[in-house]
Amino acid sequence: MFPFEEDTEEENINEEEEEWYPKEYEVDFTTGKLTGKIVEGSKAIAVWCYLALLIPRYKYYQYSWEHGSELRELIGSNNSDEYIESEVNRLISECVSENPYVTGIENLQIERQESTLKITFAIITDYGKEGVDINV
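Here the sequence shown stands for residues 0 to 135, numbered as in numbering that gives the first Met the number 0.
Next up, the structure:
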């Protein structure tokens with residue numbers, strides 16, 4: 000009866016047809032700096048994961064409590080290498096699972112030094128696999 004009610008149904012149909020494709024500014028994983036390029040697909044999701052892992056969880060109000068990681072708490076601990084590897088795997092899985100396009104991680108390698116953890120792994124997404132290197 001009212002013409003504006005019919006228009007909203009057509010708008011909803013058009014909104015459902017649009018599919019989101021991930022885009023991010025590229026970050027050089029070795030330096031942590033922006034390169035100025037835009038990446039898409041699995042590389043964009045890898046950049047999202049890299050940045051999410053570097054953000055301390057519960058520290059900044061602009062991020063939800065689900066965003067970020069607690070990897071920094073493992074630095075300098077006297078725990079065994081097996082425990083550290085288990086915790087890193089759990090913390091990374093929790094952090095990246097917030098992205099709906101991430102399906103898992105594999106090939107996790109950890110190099111433990113006194114004040115840093117060098118972590119290398121492959122992120123599995125709906126768009127493919129991508130390697131991530133991070134120093135925490």
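Just so you know, even glycine gets a beta-carbon here, dropped at the ideal spot from N, CA and C.
Item checked: Beta-carbon gap between residue 41 and residue 127 smaller than 8 Å -> yes
- Message: Among 120, 125 and 124, whose alpha-carbon lies nearest the alpha-carbon of residue 133?
- Response: 120
- prompt: From residue 124 to residue 90, what does the alpha carbon distance come to, in whole angstroms?
  reply: 18 Å
In whole angstroms, what separates the C-alpha of residue 69 from that of residue 117? 15 Å
Practice item. For residue 55, collect the residues of the same chain with a Cβ closer than 8 Å to its Cβ; drop the 5 residues on either side in sequence, then sort them by chain order. Key: 67, 68, 69 and 71
- Item | Continuous alpha helix (DSSP H) stretch holding residue 88: start and end | 80 to 95
>> For residue 129, count the other beta carbons within 10 Å of its own beta carbon; 16 or more makes it buried, fewer makes it exposed. Which is it?
In response: buried
### Query
Nearest to residue 139 by alpha carbon, out of 25, 45, 22 and 18?
Outside the displayed span of the chain (0 to 135) sits residue 139, for which this structure offers no information.
### Query
Hey, out of 30, 48, 27 and 20, whose CA is closest to residue 101's CA?
48
Next item on the list: Can you say whether residue 21 is buried or exposed, counting buried as having 16 or more other CB atoms within 10 angstroms of its CB?
Entry: buried
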